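Numbering (UniProt numbering), first residue to last: 1 to 642. To start, the structure itself, in C-alpha cells.
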Amino acid sequence: MGTKSKLLGLFILDIAIIWFSIGTSYWLRYGEATFRSELQPFLVYSAVSMVLCGAAMIYYRLYHRMWQYASISEMLAIAKAVGIGWLGSYFVASVLLGVSVPLGIAVRTLETTLLLSGGIRFLWRLVRMHTRGRANAKKSPVLIIGAGDCGALIAKELLSPSFANWRLVGFVDDDPAKQRMQVYGLPVVGDRTALSALVAKHAVEELIIAMPSAPKKAISELIELGLSTGAKVKMIPALSDLISGKVSVKAIRDVSVEDLLGRDPVQTDMAGIASYVAGKTVLVTGAGGSIGSELCRQIGAFRPDRLLLLGHGENSIYTIEMELRSRFAWLELETIIADIQDRERIDTVFRQHRPEVVFHAAAHKHVPLMERNPGEAVKNNVLGTKNVADGADKYGAERFVMISSDKAVNPTSLMGATKRIAEMYVQGLSQMSGTKFVAVRFGNVLGSRGSVIPMFKQQIARGGPVTVTHPEMVRYFMTIPEAVQLVIQAGSLARGGEIFVLDMGEPVNILKLAEDLIRLSGYDPYLDIPIHFTGIREGEKLYEELLTRDEAVSSTQHERIYIGRLERIDHDALDLELARLKLILPEGEERVRAAVAAIVPLMEQVEPVMAAAPETAAKGAAKVADAGKQRAGLTRRDVGVS
Numbered sequence: 001m002g003t004k005s006k007l008l009g010l011f012i013l014d015i016a017i018i019w020f021s022i023g024t025s026y027w028l029r030y031g032e033a034t035f036r037s038e039l040q041p042f043l044v045y046s047a048v049s050m051v052l053c054g055a056a057m058i059y060y061r062l063y064h065r066m067w068q069y070a071s072i073s074e075m076l077a078i079a080k081a082v083g084i085g086w087l088g089s090y091f092v093a094s095v096l097l098g099v100s101v102p103l104g105i106a107v108r109t110l111e112t113t114l115l116l117s118g119g120i121r122f123l124w125r126l127v128r129m130h131t132r133g134r135a136n137a138k139k140s141p142v143l144i145i146g147a148g149d150c151g152a153l154i155a156k157e158l159l160s161p162s163f164a165n166w167r168l169v170g171f172v173d174d175d176p177a178k179q180r181m182q183v184y185g186l187p188v189v190g191d192r193t194a195l196s197a198l199v200a201k202h203a204v205e206e207l208i209i210a211m212p213s214a215p216k217k218a219i220s221e222l223i224e225l226g227l228s229t230g231a232k233v234k235m236i237p238a239l240s241d242l243i244s245g246k247v248s249v250k251a252i253r254d255v256s257v258e259d260l261l262g263r264d265p266v267q268t269d270m271a272g273i274a275s276y277v278a279g280k281t282v283l284v285t286g287a288g289g290s291i292g293s294e295l296c297r298q299i300g301a302f303r304p305d306r307l308l309l310l311g312h313g314e315n316s317i318y319t320i321e322m323e324l325r326s327r328f329a330w331l332e333l334e335t336i337i338a339d340i341q342d343r344e345r346i347d348t349v350f351r352q353h354r355p356e357v358v359f360h361a362a363a364h365k366h367v368p369l370m371e372r373n374p375g376e377a378v379k380n381n382v383l384g385t386k387n388v389a390d391g392a393d394k395y396g397a398e399r400f401v402m403i404s405s406d407k408a409v410n411p412t413s414l415m416g417a418t419k420r421i422a423e424m425y426v427q428g429l430s431q432m433s434g435t436k437f438v439a440v441r442f443g444n445v446l447g448s449r450g451s452v453i454p455m456f457k458q459q460i461a462r463g464g465p466v467t468v469t470h471p472e473m474v475r476y477f478m479t480i481p482e483a484v485q486l487v488i489q490a491g492s493l494a495r496g497g498e499i500f501v502l503d504m505g506e507p508v509n510i511l512k513l514a515e516d517l518i519r520l521s522g523y524d525p526y527l528d529i530p531i532h533f534t535g536i537r538e539g540e541k542l543y544e545e546l547l548t549r550d551e552a553v554s555s556t557q558h559e560r561i562y563i564g565r566l567e568r569i570d571h572d573a574l575d576l577e578l579a580r581l582k583l584i585l586p587e588g589e590e591r592v593r594a595a596v597a598a599i600v601p602l603m604e605q606v607e608p609v610m611a612a613a614p615e616t617a618a619k620g621a622a623k624v625a626d627a628g629k630q631r632a633g634l635t636r637r638d639v640g641v642s
C-alpha cells in the first residue's frame, strides 16, 4: 500500500472515530428510545464535527508524521487538533446553527475522540517496537557510553529504520542520578565499572562513546576500557572537530591511535604567528616529508606572501604542491627541487628568493639506517643544516627554525649525535648573526614516514607478527598537526639561540601501543596476532629524554613550550671541527664515527635484559606472555617466544 493510500485510510479512520464518539455519547445520554428523537441534532453536530475536526487534524499535520516514533510532541499535536476542532464544532452547532447539544455529550465526545485517535497512533508505535524487538535479536548489540544530550540524540537516530543493523541495548553513564532511568525507552544499565560485565551479559559488539564535550584524557581512558572488553569502540569526535558543529550518527567514527594519546587541542596564539609569517616569503626545507608538508599546510593558512617548497624528492614535492594549490588558490607557491647537501645550489636558492622565514625540516631520521650509513647522516643532518643556516645568515633571513629531535639529548645513536651537532651550529651562529636562529626539539610523531605506527599497521594487515624491540620500551608521541602547530608557535617566541622543548605529555609504552593497535583493528593481541620481541637495535634507548642533565628549563608564554638553558657555543671552533669532519667523510665509517664522537660524545647504550638477541628477549617477553595470557591457553610460542 502506497503512502498516500495509508494517509487517506488514517484520515477516514479519524472521521469514523469522530462519528463513533458522538454516536456513543448520544446513545449513553438518551438511550435507544430517546435517541431517535435527537437524530436531527445528532446528524448536524456530527457533520459539523467531522468537517471541523478533520480540518484541524490536517492543519496540525497529523498525516505527515511518522507515528512509529510518536512522542510528547505528537501527543500535543493530537490534543490541539481535537481540542480546537471540538470547540469550533460546539460553537458552530450550538450558536450559529441553533442546534441543542448538551455540554455533557460534547465533553464525552472530546474524551472519546482523544482516547481513540491518540490510542490508535500510539498502538501503532507499540506494534512497531514489538516487531523491531523481535527483529533486533539478529542485529549487532550496541551500548552507548554517555546518557547526556549527545547520547540521546544518537539513540534517537539509531532507532530509525535507516540504522537497521544495530540493536541498542542501553546506556552506560557514571552519573548516579541517571542510573535505572530510561532515554527513549532505553535503560541506563550501569556505570563504567560494570562495562566489562555488561558487554559480556548482552553480547555487545560495539560501544559508542557519545561524550564530545569530555576532556580528551577522559575519552582516552574510556577507549582503553572499551578495548579491554573485546568490543569494537566507536566515538563521536570532540565538538571542535565536528565540521557541521552538530552531533549526528554521521559523525560516528572508528577510534584512531591519536585518540589514545588523550591530548587536548593546542591553543594557538594566532596573532603571534601571523606577526612573523603573514606577508613574508617563507621557505620550508623537506617540504615533501611528514613534518614539512604539514608545515606548509598550516603556514599557508596564515597568508604568507610566497611559500617556497624545497625538497629532494620530486614526487612528494609535486603532491604537496597540488594539495596546496587546491586549498590556497590565492597563495603564490614556488617548488624547488634541491639537495640541502649541495652548498652552491642552496646558496643560489637563497640569493634568488631571499626568504625571510626558514623552517628547516629536511633531515635523515631513521636511527638504524643512519647507524649503517654514518657518512650520509653527517652530510645531510650536519652539513646540510649548515648550508641552509649559512644561507639564512648570509642573505638576511629574519628567523630560522630548525626541527630537532629528542634523540639529540644524551645521544646513543649517530643520528641523535648529528642532530645535536646541528643544534649546536645554529646556536653558535645565532650569537653572531642578525637572524634569530632557534631549534625545536620533540619526540616521535604519529604516522610519520618510517615511524612505528605505520609499521605496526602493515604487520597487523599481514596477520602478524607485530615486532616490538622490548617490553619496557617507551617513547613520547605527538600527532603531526599538534607538533607542527607548536613548532610554528615556537617560532613566534624566538629571540635567538633557544632550544625550544615541546610538552610531549606522558610517555607511551610501545608494547601497550602495539596491543591497542591490534585491538583497534578488531583482533585480540597474542590470540589473533602474535607479538615478537626482537631486542633493542644499535643506537636505540629504552627511554628518550628531552633535556640533558646540564640543561635547565624555563617556561614561555605558551603552556606547552619550554626553553632549554642557552648554551654558549664557540662557533669558530665548531666551524673548524665541521670542516675536518667533511674531510674525513671519504675515510670510512669508523673514522666518521670517531670524528662525530669527538664533537658530541655518544652515551653508552644501556644493555637491558633483551638487548643482546631475540633469545635473551625471551626471558623478558615470557613475563608479558605468561602474566595475562594463560587464561587463553596460550604458549610462549604463540607470542613469539621460544
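Just so it is clear, CB atoms sit at the ideal spot from N, CA and C, and this is done for glycine as well. Fair warning: this is a prediction, and the values are worked out from it, not measured in the lab.
Helix or strand or just coil, what does DSSP make of Lys512? Per DSSP, reduced to three states, the secondary structure at Lys512 is helical.
Boundaries (first-last residue) of the beta strand (DSSP E) holding Asn444: Asn444 -> beta strand (DSSP E) spans 444 to 446.
How many angstroms separate the CA atom of Ile510 from the CA atom of Leu333? When rounded, the distance between both Cα atoms is 39 angstroms.
With 16 other CB atoms within 10 Å as the buried threshold, where does Ala408 fall? Buried: at least 16 other Cβ atoms inside 10 Å.
Please look up how many angstroms separate the CB atoms of Ile299 and Leu307, rounded, as I've assumed it's under 8 angstroms. At roughly 6 angstroms, the Cβ-Cβ gap stays under 8 angstroms, so Ile299 and Leu307 are in contact.
Going by DSSP, what residue range makes up the beta strand (DSSP E) through Phe328? Note, Phe328: premise wrong, no beta strand (DSSP E); not H, not E.
Start-to-end residues for the alpha helix (DSSP H) that takes in Ile453: Per DSSP, the continuous alpha helix (DSSP H) segment holding Ile453 begins and ends at 452 to 461.
Do Thr469 and Thr412 have their C-beta atoms within less than 7 angstroms of each other? Contact flag unset, no.
Report the three-state DSSP secondary structure of Ala612 (helix, strand or coil). Per-residue confidence for Ala612 stands at a pLDDT of 35, beneath the threshold of 50, marking its modelled position as unreliable; the derived number appears in the next sentence. Here DSSP, grouped into helix, strand and coil, assigns Ala612 to coil.
Selected residue, minimal CA-CA separation from Gln341, among Lys365, Asn315, Thr385: Closest option to Gln341, Cα to Cα, is Thr385.
Report yes or no: do the stretch 584 to 594 and the stretch 518 to 530 share at least 3 C-beta pairs separated by less than 8 angstroms? The stretch 584 to 594 and the stretch 518 to 530 do not touch, with fewer than 3 CB-CB distances between them shorter than 8 angstroms.
My parser needs the alpha helix (DSSP H) runs of 4 or more residues fully inside the stretch 271 to 314; what are they? Contiguous alpha helix (DSSP H) elements confined to the stretch 271 to 314 occur at 290 to 300, taking only those with 4 or more residues.
Can you tell which of Leu331, Arg327, Ser293, Phe328 has its C-alpha closest to the C-alpha of Ser316? Out of Leu331, Arg327, Ser293, Phe328, Ser293 has the C-alpha closest to the C-alpha of Ser316.
Whether Gln459 touches Val466 by CB criterion (7 angstroms): The Cβ atoms of Gln459 and Val466 sit closer than 7 angstroms to each other.
What would DSSP say about Asp259, mapped onto helix, strand or coil? Residue state, collapsed to three classes: helix.
If we ignore side chains and look at the alpha-carbon of each, how far apart do Ile584 and Met478 end up? Approximately 37 angstroms, taken between the alpha carbons.
Same chain only: Cβ atoms within 8 angstroms of Lys80, ignoring 5 sequence neighbours per side: Result list for Lys80: Ala56, Tyr60, in chain order.
So what's Ala439 in DSSP terms, helix, strand or just coil? In the three-state reduction of the DSSP assignment, Ala439 falls in the strand class.
State buried or exposed for Gln485, treating a residue as buried only when at least 16 other CB atoms are found within 10 Å of its CB. Buried is the label assigned to Gln485, since at least 16 other Cβ atoms lie within 10 Å of its Cβ.
Would you report the Cα separation of His571 and Leu578, rounded to the nearest angstrom? Taking the straight line joining both Cα atoms gives about 10 angstroms.
Would you mind listing the alpha helix (DSSP H) stretches within the stretch 44 to 126 that are 4+ residues and don't spill past its ends, in chain order? Here the runs fully enclosed are 72 to 91.
If you draw a straight line from the C-alpha of Gly564 to the C-alpha of Glu398, how long is it? For Gly564 and Glu398, the gap between their C-alpha atoms comes out near 22 angstroms.
From the DSSP output, read off the bridge partner residues of Gln182. Note: Gln182 is bridge-paired with Pro187 in the DSSP secondary-structure output.
Gly375, DSSP secondary structure in three states: The answer is helix: DSSP assigns Gly375 an H, G or I state.
Rounded separation between Asp14 and Leu87 - CA only: Rounded to whole angstroms, Asp14 to Leu87 spans 17 angstroms at the Cα level.
Opposite Lys232 in the DSSP bridges: which residues? Its beta-bridge partners are Glu206.
Quick check on Leu160: does DSSP put it in helix, strand or coil? Checking the sequence, you will find Ser at residue 160 rather than Leu. In the structure shown, Ser160 sits in coil (DSSP, three-state: anything other than H, G, I, E or B).
Return the CA-CA distance between Leu28 and Glu38, expressed in angstroms with no decimal places. Leu28 and Glu38: Cα-Cα distance of roughly 13 angstroms.
C-alpha gap between Thr113 and Asp174, whole angstroms: The alpha-carbon atoms of Thr113 and Asp174 are separated by roughly 44 angstroms.
Straight-line gap, Lys201 to Asp503 (C-alpha atoms, nearest Å): Approximately 42 angstroms, taken between the alpha carbons.
Using CA coordinates, which residue listed in Gln431, Pro530, Ile17 is at the minimum distance from Arg121? Comparing Cα positions, the closest option is Ile17.
Taking 7 angstroms as the threshold (C-beta atoms), are Leu414 and Met370 in contact? Yes; because the gap between Cβ atoms is below 7 angstroms, this pair is in contact.
Compute the beta-carbon to beta-carbon distance between Ile273 and Ile488, rounded to the nearest angstrom, for a pair I have assumed lies under 8 angstroms. Rounded, the Cβ-Cβ distance is 6 angstroms, consistent with contact.
Check this for me: beta carbons of Met181 and Val188, under 7 angstroms apart or not? The Cβ-Cβ distance between Met181 and Val188 falls below 7 angstroms.
Exposed or buried, Ser213, counting other C-beta atoms within 10 Å across all chains shown (16 or more means buried)? Exposed is the call here.
Measure the alpha-carbon distance for Asn380 versus Arg354 and round it to whole angstroms. Those two C-alpha atoms are separated by around 22 angstroms.
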